[in-house]
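Quick note on my numbering: the sequence shown kicks off at 898 and runs consecutively.
Below is one structure, written out as structure tokens, with a few remarks after it.
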Amino acid sequence: MFALKTAPARTFLRRAEEIAKPVTRWSLGHAIPRVALRAAARRGDLQGRLSVEASGGADLTGLFDEIRSHGAIATTRVGHVTTRHAACKEILTSDAFKTVRFVPDNPLLNRLVTWSASGLIHPIEPPSLLASEPPDHTRYRKLVTRVFTARAVEQLRERTQAITDELLDGLDPKDPVDLIESYCGLLPVTVISQILGVPLEERDKVLALGGAAAPSLDLGLPWRTFRTVESTLAEFDSWLTEHLEKLRRNPGDNLLSKLIAAREDGVGLTERELKATAGLVLAAGFETTVNLLGNGIALLTRHPDQLRKLRDDPALWSNAVDEVLRYDPPVLLTGRLCARDTEIGGTPVERGAIVSTVLAGANRDPEIFDDPSAFDVTRANARDHVSFGAGRHYCLGASLARMEGEIGLRSIFERFPDLRPLDGARRRQTRILRGFETLPAALS
């Protein structure tokens, strides 16, 4: 009798938890930080201003300079922030810093984080390479790097060119087009499908999943976007469980099949590590390359003199991609947690402090780049940018992104030499990811 009376209560509690847990996750991970940063921005806090102004797609050059004027690291009420190239590289390569995870000192908040955890594989949570640390990271990255070699990426070049040509064949030069939807988004997700061994009939599904999962890399997501991301990650996890099993039974000539088979001292990646790697390839490889292509097209149409240089000397295209990455990188910043008391550029940083390394700001450091506000495809040291990070978390897909950027940008301007932007281009309202949501263009 007692069990019968309590069954409805248990059902009620279970339903309440199903509602309360995602609300708690969103509040702790997105809503509260967003409110705090907006309040800090109103007080003039540099880091608060950076977050708010970035979400509006504003030109941040003046703010980068202002932060840099405070020295190696600017200390604000929110935390520490730097736009100096040397400081960013030192922080990203130093073992005194590790990747940031939200583990609050407050015991109640800590319990809330643990209680509300979704258990989903997430691109910026362990065991993702973006969030893991030695010794796990060392073992994990060694196995992944063995598969994602420069030679393996180069072998994708011919297929990437074919994919690009097919996409350009599908564009009608007489019709205006949104290049983000019809080109910049389709190219990377089709290449990702090759890497993951996705059958042709499932690629539309992977495209939809990639677009919906990409905001998982950002901060301060609205509630609806957050819920879409979580449901997408859950759907991707279910699809990936079946897909990995198919590849185990019938391995193909793709990098995910090779990753499944990779072993170090007889030990391979766990199921969660395989899923985390595939999820990272999908989310990070999709959004950052979309932004690279969109930002590159926008820059080159705004600087016709630079486009003429590329037409006169096509060997410059590789360098041009690095200049796009330097001038308007796909990722604004990354954060690090100080693991022990240390010093950066003469500025003390205490254990437990969070430091934002503003990659886009470091790329405009006049100590490294002459006339840093000029877009110059012939820049001799364009490759010195830090858009792929540095140290043990240096972007695993850097060579793939460069290859896709070079082929994607060169090919569209060769096919449509009169391409010109139309009114209506809109930047994404994101705080960390930097790119275009829409990029209307006339092809001829």
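Ideal Cβ placement from N, Cα and C applies to all residues, glycine included.
Three or more C-beta pairs closer than 8 Å, one from the stretch 1186-1202 and one from the stretch 1153-1171: is that the case here?
Contact fails: fewer than three Cβ-Cβ distances are below 8 Å.
Check for me: the alpha helix (DSSP H) holding residue 1305 runs from which residue to which?
Taken as a continuous stretch (DSSP letters only), the alpha helix (DSSP H) holding residue 1305 covers 1295-1312.
Exposed or buried, which one is residue 923 when buried takes at least 16 other CB atoms within 10 Å?
When all chains shown are included, residue 923 counts as buried.
Any idea what DSSP makes of residue 1235, helix, strand or coil?
Assignment of residue 1235 by DSSP, reduced to helix, strand and coil, places it in the strand class.
What is the rounded straight-line gap between the Cα of residue 1340 and the Cα of residue 1303?
Each residue's Cα considered, the two are about 19 Å apart.
Please report the distance separating the alpha-carbon of residue 1093 from that of residue 1317.
Going from the Cα of residue 1093 to the Cα of residue 1317 covers about 34 Å.
For residue 1204, which option in 1250, 1314, 936, 976 has the closest C-alpha, if you only look at C-alpha atoms?
When C-alpha distances from residue 1204 are compared across 1250, 1314, 936, 976, the shortest belongs to 1314.
Taking only the alpha-carbon atoms, compute the straight-line gap between residue 951 and residue 970 and give it to the nearest angstrom.
Cα to Cα, the separation comes out at about 19 Å.
Segments assigned alpha helix (DSSP H), at least 4 residues, entirely inside the stretch 1238-1301
If we require 4 residues or more, the alpha helix (DSSP H) runs fully inside the stretch 1238-1301 come out as 1256-1259.
To the nearest angstrom, report how far apart residue 946 and residue 1247 are at their CA atoms.
Cα to Cα, the separation comes out at about 23 Å.
Mind checking residue 1138: buried by the 16 CB within 10 Å criterion, or exposed?
Burial state of residue 1138 is exposed, judged by a 10 Å Cβ sphere holding fewer than 16 other Cβ atoms.
May I ask which residues mark the beginning and end of the alpha helix (DSSP H) holding residue 1142?
Here the alpha helix (DSSP H) through residue 1142 covers 1120-1146.
What number of angstroms, rounded off, separates the C-alpha of residue 1270 from the C-alpha of residue 1224?
Roughly 8 Å separates the two Cα atoms.
Segments assigned alpha helix (DSSP H), at least 4 residues, entirely inside the stretch 1060-1122:
Listed in chain order, the complete alpha helix (DSSP H) runs (minimum 4 residues) inside the stretch 1060-1122 are 1083-1093, 1100-1110.
For residue 1211 and residue 1324, believed in contact at Cβ under 8 Å, the rounded distance
That belief does not hold up - the Cβ atoms of residue 1324 and residue 1211 are roughly 29 Å apart, past 8 Å.
Which residues does DSSP list as the beta-bridge partners of residue 997?
Residue pairing of residue 997 in beta bridges, as defined by DSSP: absent, with no partner found.
Can you give me the C-alpha to C-alpha distance between residue 933 and residue 1290, rounded to a whole angstrom?
Looking at the two C-alpha atoms, the distance is approximately 28 Å.
Does DSSP put residue 1336 in a helix, in a strand, or in coil?
Residue 1336 falls in the coil class under three-state DSSP.
What number of angstroms, rounded off, separates the C-alpha of residue 913 from the C-alpha of residue 926?
The straight-line gap from Cα to Cα measures roughly 20 Å.
Can you list, in chain order, the residues of its chain with a C-beta nearer than 7 Å to that of residue 1175? Leave out the 5 residues immediately preceding and following it.
By the criterion of a C-beta distance shorter than 7 Å, residue 1175 is surrounded in its chain by 1093, 1137, 1153, once the five residues flanking it on both sides are discounted.
Check whether the Cβ atoms of residue 1283 and residue 1034 lie closer than 8 Å to each other.
Against a cut-off of 8 Å, the Cβ pair of residue 1034 and residue 1283 comes out as no contact.
Looking at residue 1078: is its Cβ nearer than 8 Å to the Cβ of residue 1106?
No, the Cβ-Cβ distance between residue 1078 and residue 1106 is not below 8 Å.
For residue 1260, count neighbouring Cβ atoms within 10 angstroms of its own Cβ and tell me buried if that reaches 16, exposed if not.
By the 10 Å Cβ count, residue 1260 comes out buried.
Are the beta-carbon atoms belonging to residue 1255 and residue 1230 less than 8 Å from one another?
Between residue 1255 and residue 1230, the gap from beta carbon to beta carbon is short of 8 Å.
Is residue 1161 buried or exposed, if buried means 16 or more other CB atoms sit within 10 Å of its CB?
Exposed, because fewer than 16 other Cβ atoms sit within 10 Å of the Cβ of residue 1161.
Starting from residue 932, follow the beta strand (DSSP E) in both directions and report where the run begins and ends.
DSSP places residue 932 outside any beta strand (DSSP E); the residue lies instead in the alpha helix (DSSP H), whose first and last residues are 929-939.
In terms of residues, what are the limits of the beta strand (DSSP E) holding residue 1198?
Boundaries for residue 1198: no beta strand (DSSP E) harbours it, while the alpha helix (DSSP H) harbouring it runs 1168-1199, taken from the DSSP string.
Rounded to whole angstroms, what is the Cα-Cα separation between residue 900 and residue 907?
The predicted position of residue 900 is uncertain, since its pLDDT is 49 and thus under 50; no value can be drawn from it.
In terms of residues, what are the limits of the beta strand (DSSP E) holding residue 1010?
Premise fails: residue 1010 lies in the alpha helix (DSSP H), 1004-1013, not in any beta strand (DSSP E).
Spatially closest choice to residue 980 from 1084, 1158, 1263, 1024, by CA coordinates
It is 1263 whose Cα lies nearest to the Cα of residue 980.
Three-state class that DSSP yields for residue 947 in the structure shown
The DSSP-derived three-state label of residue 947 is helix.
With 16 other Cβ atoms within 10 Å as the buried cut-off, status of residue 1202
Result: exposed.
Locate the alpha helix (DSSP H) running through residue 990, then write down its first and last residues.
That run of the alpha helix (DSSP H) goes 982-990.
Cα-Cα separation, residue 1052 to residue 1083
Going by the C-alpha atoms only, they are around 20 Å apart.
Specify the secondary structure class of residue 1054 as computed by DSSP and reduced to three states.
Look at residue 1054 here: in three-state DSSP terms it is helix.
Name, in chain order, the residues that DSSP records as bridge partners for residue 1161.
Looking at the DSSP assignment, residue 1161 forms a beta bridge with 1164.
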